[in-house]
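Plus 296 on top of the position in the sequence shown (first one is 1) and you've got this note's numbering. Ideal placement from N, C-alpha and C gives every residue a C-beta, glycine not left out. Have a look at the structure below before the remarks.
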Amino acid sequence: MDALQQHLFDSYRAARRGEPAPPPPGRYDRETLRTIREYRRLRAKPEPEFGPGPGFGSGSASGPRPPGRARLRTALTRWARRVRRARPPGGRLYCEDRA
Numbered sequence: 297m298d299a300l301q302q303h304l305f306d307s308y309r310a311a312r313r314g315e316p317a318p319p320p321p322g323r324y325d326r327e328t329l330r331t332i333r334e335y336r337r338l339r340a341k342p343e344p345e346f347g348p349g350p351g352f353g354s355g356s357a358s359g360p361r362p363p364g365r366a367r368l369r370t371a372l373t374r375w376a377r378r379v380r381r382a383r384p385p386g387g388r389l390y391c392e393d394r395a
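Here is the structure:
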């Protein structure tokens, strides 16, 4: 049964019972969609702002987590810093005696 058939059935039943006829299908669709959109907008959590600040990029776990791509970039930056610090003074990652 589609919306038009349901509306006709409800109109017939309302007429038999002496009740007011229901609104035609689609009459309040825009208003309903606006209400739903407004409800979702008000219930949404505010987006955290990422950037320099306490806990972000300083190694502590107290700040908000950055989005996926920034999280990856942060992890790779930390890894690169560790690798740079671990290098011997000659600049090679592995010290090998070459003849």
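* Bounding residues of the alpha helix (DSSP H) (the contiguous stretch that carries Tyr324) -> The count along the sequence shown starts at 1 and reaches residue 324 at position 28. First-last for Tyr324: undefined, no H or E at that position.
* Asked: Mapping DSSP to helix, strand and coil, what is Glu334?
  -> Numbered from 1 along the sequence shown, position 38 holds the residue referred to as residue 334. Glu334 falls in the helix class under three-state DSSP.
* To do: Go ahead and label Ser354 buried or exposed: buried means 16 or more other beta carbons lie within 10 angstroms of its beta carbon, across all protein chains shown.
  => Stepping through the sequence shown from its first residue, residue 354 is reached at position 58. Interpretation of Ser354 is limited by its pLDDT of 49, a score under 50 that renders its predicted location unreliable; no figure is taken from the coordinates.
* Below 8 Å between beta carbons: does that hold for Asp306 and Pro316? -> Indexing the sequence shown from 1 puts residue 306 at position 10. Indexing the sequence shown from 1 puts residue 316 at position 20. No, Cβ-Cβ distance for Asp306 and Pro316 is not below 8 Å.
* Taking just the CA atoms, how far does Arg312 sit from Arg337? -> Counting from 1 along the sequence shown, the entry for residue 337 is found at position 41. Counting from 1 along the sequence shown, the entry for residue 312 is found at position 16. So the two alpha carbons sit approximately 42 Å from each other.
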